[in-house]
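Below: the structure, in structure tokens.
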Amino acid sequence: MEDRNRITRLHTLLVVCLVLFAVLLGRMVYLQLWRGDYYAKQSDGNRLRQSRILAPRGIIYDSEGKELVNNLPGYAVVLQKQSSYKPETLQRLSNLLQMPVEEINAKIKASENFYEPIMLKNNLDQQMVTKIEEQRRYMPEVMLSVQPIRNYPYHELAVHALGYVGEVSAYEIEQGLFKNITQGNLVGKAGLEKTYDKYLRGEDGAFMEEVDVAGNDSVQPVPGKNLKLTIDYELQKELEAFTDKHLAFLRSSGIAPGARAAAVVAIDPRNGAVRAMVSRPGYDPNWFVHGISSKNWNSINNDPNYPMNNKVITGEYPPGSTFKIVTGSAAFELKKVGLDEPIFDGGFHPMVPTMGNAGGEVLGWLTFIKALAMSDNVYFYELGYRVGIDNIEKYAHIFGFGERTGIDLEGESKGLVASKKVKREIWDEDWRLGDTFNAAIGQGFNLTTPIQLSVMLSIVANGGTKYQPYLVDSIINSDGSLFEKPKRAEGKHIDVSQQTIDYIRMGMSATTQEGGTASYFAGLPKPIAGKTGTAENSHGRDHGLFVAYGPVDDPELVVVCIVEQGGFGSVAAGPIVYKAFEEFFQERGYMPRPDKVAPKKDTIQ
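Residues 6 to 610, numbered by this note's numbering, are exactly what the sequence shown covers, in order.
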């Protein structure tokens, strides 16, 4: 019995020893395999001081090589990673940086899973750099790091296309939203800065310095790739300035007191290259580079017109009378109307007497060209009745509505195409003839983005080819050589005949001639084809739209403008489109610049 108890105790002791051995072995494996790199770095940290050299982000150029985004030299203050910091060191830093100790501790805590130095503040001015250098002997853990600072020299210019950068968050790193990123890195947060972040970012370098033994070594950073855009700086600048001026005029004159937001896009119909992109209101992307202040963030966040939204790609609006291009195309393709066939406008449609022209206007007998030029509703109600909602829906999709265009920006909206299915899903009601009438003139359930309208109009301008719009022409190496061209879908001819396209072009050309709704465009040196639109708005005054392309004989530019709560398109949006073509023609020498005075000839005696 005693021997049996002894054996039991020996077995128990053996089990305990085996468990302890397994625990020690497991701990050793954990330290060597899972945490080996960390402790190796920590060991090196006792004799080496590592300073990361941030790679400069790639420069962004306009179509002619003008720098729209670049980098400036700057200093940042960083903390070498340690298990703990002296309270007096943190308090001294707090006083120097004018940063609460709580905020410094929060940055330390956020970096506890990373070994890299902790960035506390960047873009230091020279006075602060001097103060920190004077106090360095009391703060051996503190270092000054030279780094490139992202700079947007023209502030709000093209901000919704360019986007902005900000420091990567711990959450973004943990979620793997950015590859090969460490704390303190700047990453693209919006616009092209975000879409092309992996090209723009580059590869960081490092400077290693011996603490106890003289000597150092360094790995130089690799700059990011540069982007060459399709944007025309001069056109973008003039268009933004005039848009701001015109919105102010609409408000001050009482024409449209609530006109504070607008979207304008100009593209080349021959290939889809975006020449200008304006969304109002805007913001200064420099605010975000160093961490946006509460004051600036509140000014953006509390603005009811949403400055952060790129309305060109996210704004969804009823297309209004600009959609009559789709309805007319469907009617011609399905042989439901002839070009010279007269349709009577008595001010309302007899099948739905409550639906008619604005103000009860009566235009009498009309053929297609005059009906489109005068933007007559009753005529297009009749075409909608003849074609039917299913065919209106079909041709809307053919022209690109209800789907993303594929532009190289994140967050693009799909819009909405009116259909029986859509009404059933939204209202759970049957489709009615009045719904068809509304759909035929771009109201009701139709919603579109300005970039979709520009694709539709480009199809008309170029004779029937649908191109994917884009902002980046090429990705360039730091030495100026070509790295690659972004991949884009090839142009595809839509299933609409050339004859129908020609009819639409004839009607749009008549819009900007005498008797049309935008006859003032005749003042330009080359003929323009256009279409006005007024979109219903349940939250206030109607939105004003205008779309145009030109020159008519050889289209080079398509311009789309929407002014929120602007009222009639010819007054609210038309002048902005006119300005775009005026600047475009001046650049090409078709008309003189009034502000340019010929220089006086030097006289040499």
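We put the beta carbon where it would ideally sit given N, CA and C, even for glycine.
Helix, strand or coil at residue i according to DSSP, with G and I counted as helix
i, result
"residue 398", "helix"
"residue 285", "strand"
"residue 231", "strand"
"residue 387", "helix"
"residue 252", "helix"
"residue 410", "coil"
"residue 330", "helix"
"residue 193", "strand"
"residue 582", "helix"
"residue 477", "strand"
"residue 450", "coil"
"residue 349", "strand"
"residue 370", "strand"
"residue 220", "Note that residue 220 scores 48 on pLDDT, short of 50, meaning its location in the model is unreliable; the coordinates nonetheless yield the value given after this. Residue 220 falls in the coil class under three-state DSSP."
"residue 150", "strand"
"residue 176", "helix"
"residue 528", "helix"
"residue 26", "helix"
"residue 165", "helix"
"residue 508", "helix"
Own chain residues within Cβ distance below 8 Å of residue i, not counting five before or after
i, result
"residue 438", "356, 357 and 390"
"residue 194", "168, 169, 170, 171 and 293"
"residue 113", "84, 90 and 123"
"residue 489", "479 and 480"
Identity of the residue in the options nearest residue i by Cα
i, options, result
"residue 246", "366, 464, 557 and 162", "162"
"residue 235", "68, 440 and 468", "68"
"residue 267", "278, 311 and 185", "311"
"residue 152", "160, 159 and 130", "130"
"residue 159", "180, 105, 239 and 137", "239"
"residue 135", "447, 382 and 101", "101"
"residue 506", "467, 123 and 64", "467"
"residue 480", "180, 147 and 201", "201"
"residue 513", "380, 301 and 476", "380"
"residue 586", "457, 372, 273 and 145", "273"
"residue 191", "174, 320 and 141", "174"
"residue 565", "281, 515, 23 and 442", "281"
"residue 248", "537, 269, 260 and 413", "269"
"residue 309", "285, 176 and 106", "285"
"residue 315", "413, 142, 343 and 532", "413"
"residue 496", "183, 490 and 463", "463"
"residue 399", "542, 421, 417 and 383", "421"
"residue 424", "418, 415 and 440", "440"
Distance between residue j and residue i (C-alpha atoms, nearest Å)
i, j, result
"residue 125", "residue 80", "11 Å"
"residue 231", "residue 375", "49 Å"
"residue 27", "residue 110", "38 Å"
"residue 25", "residue 14", "16 Å"
"residue 365", "residue 451", "23 Å"
"residue 283", "residue 271", "9 Å"
"residue 166", "residue 287", "11 Å"
"residue 289", "residue 304", "11 Å"
"residue 66", "residue 354", "53 Å"
"residue 21", "residue 115", "39 Å"
"residue 327", "residue 595", "28 Å"
"residue 199", "residue 550", "30 Å"
"residue 535", "residue 154", "44 Å"
"residue 179", "residue 185", "11 Å"
"residue 71", "residue 156", "14 Å"
"residue 589", "residue 275", "16 Å"
"residue 540", "residue 75", "40 Å"
"residue 5", "residue 145", "What the structure shows of the chain is the stretch from 6 to 610, and residue 5 is not part of that stretch, so it cannot be assessed."
"residue 4", "residue 408", "Nothing about residue 4 can be reported from this structure: the residues present for the chain run from 6 to 610 only."
Same chain only: Cβ atoms within 7 Å of residue i, ignoring 5 sequence neighbours per side
i, result
"residue 445", "332, 385, 386, 388, 389 and 397"
"residue 262", "256"
"residue 498", "469 and 470"
"residue 500", "403"
"residue 12", "none"
"residue 295", "127 and 128"
Neighbour flag for residue i against chain B, beta carbons, 8 Å
i, result
"residue 378", "No chain B appears in the structure shown, which is made up of a single protein chain."
Same chain, Cβ closer than 6 Å to residue i, five either side skipped, listed in chain order
i, result
"residue 473", "277, 411, 493 and 494"
"residue 478", "233 and 235"
"residue 264", "252, 255, 256, 568, 570 and 571"
"residue 370", "347 and 349"
"residue 94", "144"
Residue i Cβ short of 7 Å to the ligand PLP heavy atom set
i, result
"residue 359", "Questions concerning the ligand PLP fall outside what the structure shown contains, since it holds no ligand whatsoever."
With contact counted as at least three CB pairs below 8 Å, one residue from each stretch, are the region 327-342 and the region 385-405 in contact? Two segments are said to touch when three or more pairs of C-beta atoms, one from each, lie closer than 8 Å; by this definition the region 327-342 touches the region 385-405.
When the Cβ atoms of the region 522-534 are set against those of the region 577-595, are three or more pairs found closer than 8 Å? yes
Between the region 337-353 and the region 477-496, do three or more beta carbon pairs fall short of 8 Å? The region 337-353 is not in contact with the region 477-496.
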